[in-house]
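Enquirer:
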């Protein structure tokens with residue numbers, strides 16, 4: 028079984044794409060071109076992350092990454108982080124540990140498949156109202172920037188099988204528990220999903236109720252026969268309980 032660190036390493040490379048800020052109704056507000064560099068130091072540790080941004084809403088007929096970046100973010104990873112849960116596919120999840128009234132909640136889901144990444148950062152305000160998502164679509168530098176079409180219920184209906192990985196919040200830096208799973212998706216199981224470009228979807232509580240158990244979900248249909256679904260589950264006290272990732276193929 029691979030370690031959390033090994034699964035983080037699957038994300039190494041130069042990732043070219045954009046951060047798309049969407050409204051709460053998922054309509055686009057702005058697009059900011061980006062380039063994320065994740066590279067190990069010569070000794071292997073730490074991993075150095077550099078995130079570059081270019082001006083918002085570039086001309087669609089020009090290279091969005093031309094000229095000098097307008098903002099740079101740097102971060103170092105020296106080892107596994109309990110707030111950042113990785114799964115065997117290289118996909119990951121992180122977010123608020125404890126939800127409470129008047130505290131702004133957030134969570135991130137990052138899907139990885141071959142030379143593509145599909146990431147989502149979700150935000151709620153202090154009253155628990157869902158504010159907006161940021162959709163991040165990336166491809167490895169030098170690879171095709173092919174994207175999936177807008178996800179629809181019809182593309183998900185039917186039988187799927189694969190594996191479920193689950194990591195409990197009490198498990199520390201241990202590895203997720205993995206077990207086989209099967210799903211048969213019907214229109215009823217898909218109720219509440221909100222469809223996104225590039226084969227994505229989210230199902231979010233709106234508003235968040237801090238005294239009820241709930242889950243936050245993100246889906247990505249990376250190929251017609253490959254579906255990945257991640258969840259962050261919170262208990263009735265608003266505490267993060269576990270994270271799950273289902274990696275599925277059509278059966």
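In this note's numbering, the protein residues as written are 28 to 278.
From the three backbone atoms N, C-alpha and C, an ideal C-beta is built for every residue, glycine too.
1) Taking the beta carbon of residue 131 as the centre, do at least 16 other beta carbons fall within 10 Å, making it buried, or is it exposed?
2) For residue 61, which residues does DSSP report across the bridge?
3) Are the CB atoms of residue 105 and residue 43 nearer to each other than 8 Å?
4) Assign residue 200 to one of two classes, buried (16 or more other C-beta atoms within 10 Å of its C-beta) or exposed (fewer than that).
5) Thinking just about the alpha-carbon of each residue, which of 246, 225, 251 and 240 is nearest to the one in residue 47?
6) Short of 7 Å in beta carbon distance, which residues of its chain neighbour residue 96, apart from the five on each side in sequence? Order them along the chain.
7) Where does residue 190 sit, in a helix, a strand or coil, going by DSSP?
8) Using 10 angstroms around the beta-carbon of residue 100, count the other beta-carbons present and answer buried if the total reaches 16, otherwise exposed.
9) Please tell me whether residue 147 and residue 116 are closer than 8 Å, where the distance is taken between their beta carbons.
10) So, residue 275 versus residue 188, is the Cβ gap smaller than 8 Å?
11) I need the DSSP call for residue 154, collapsed to helix, strand or coil.
12) Output yes if chain D places a C-beta closer than 8 Å to the C-beta of residue 57; else output no.
13) Is residue 134 helix, strand or coil by DSSP?
14) Could you give the distance in angstroms between the alpha-carbon of residue 34 and the alpha-carbon of residue 137?
15) Could you spell out where the beta strand (DSSP E) holding residue 246 opens and where it closes?
16) Sorted by chain position, which residues of the same chain lie with C-beta nearer than 7 Å to residue 111's C-beta, five sequence neighbours on each side aside?
17) Quick check: what's the CA-CA separation for residue 204 versus residue 193?
18) Taking the alpha carbon of residue 236 as the point to measure from, which residue in 252, 255, 155 and 164 has its own alpha carbon closest?
19) Taking Cβ positions, are residue 233 and residue 159 nearer each other than 8 Å?
Expert: With the given structure in hand:
1) Sequence index remark: in the chain shown, residue 131 carries index 104 (1-based). Exposed: under 16 other Cβ atoms inside 10 Å.
2) If you number the chain shown from 1, residue 61 lands on position 34. Partner(s): 44 and 80.
3) Looking up residue 105 in the chain shown gives position 78. Looking up residue 43 in the chain shown gives position 16. No, these two residues do not count as a Cβ contact at 8 Å.
4) The sequence position of residue 200 within the chain shown is 173, counting from 1. It is exposed - the Cβ of residue 200 has fewer than 16 other Cβ atoms within 10 Å.
5) Stepping through the chain shown from its first residue, residue 47 is reached at position 20. Closest option to residue 47, Cα to Cα, is 225.
6) Position 69 of the chain shown, counting from 1, holds the residue named residue 96. If we look at residue 96 and ignore the five residues flanking it on each side, its Cβ neighbours are 79, 80 and 81.
7) On the chain shown, residue 190 is found 163 positions in, with the first residue counted as 1. Residue state for residue 190 is assigned as strand, using DSSP reduced to three classes.
8) Counting from 1 along the chain shown, the entry for residue 100 is found at position 73. Residue environment for residue 100: exposed (fewer than 16 other C-beta atoms within 10 angstroms of its C-beta).
9) For the purposes of this step, residue 147 is identified with residue 120 of the chain shown, where counting begins at 1. For the purposes of this step, residue 116 is identified with residue 89 of the chain shown, where counting begins at 1. No, these two residues do not count as a Cβ contact at 8 Å.
10) Here residue 275 refers to the residue found at position 248 of the chain shown. Here residue 188 refers to the residue found at position 161 of the chain shown. Yes; because the gap between Cβ atoms is below 8 Å, this pair is in contact.
11) Here the question's residue 154 lines up with position 127 in the chain shown. Coil, per DSSP.
12) Annotation note: the requested chain D is absent from the structure, which comprises a single protein chain.
13) As a working note, residue 134 is residue 107 in the chain shown. DSSP places residue 134 in strand when its eight states are reduced to three.
14) Here the question's residue 34 lines up with position 7 in the chain shown. Here the question's residue 137 lines up with position 110 in the chain shown. Cα to Cα, residue 34 sits roughly 12 Å from residue 137.
15) Position 219 of the chain shown, counted from the start, is the residue given in the question as residue 246. Run containing residue 246: 241-250, per the beta strand (DSSP E) assignment.
16) In the chain shown, counting from the first residue as 1, residue 111 sits at position 84. 119 and 121.
17) As a working mapping, residue 204 is identified with position 177 in the chain shown. As a working mapping, residue 193 is identified with position 166 in the chain shown. One alpha carbon belongs to residue 204, the other to residue 193, and they sit about 5 Å apart.
18) Locating residue 236 in the chain shown gives position 209, where the first residue counts as 1. Residue 236 has its Cα closest to that of 155, out of 252, 255, 155 and 164.
19) For the purposes of this step, residue 233 is identified with residue 206 of the chain shown, where counting begins at 1. For the purposes of this step, residue 159 is identified with residue 132 of the chain shown, where counting begins at 1. Not in contact: residue 233 and residue 159 (Cβ atoms no closer than 8 Å).
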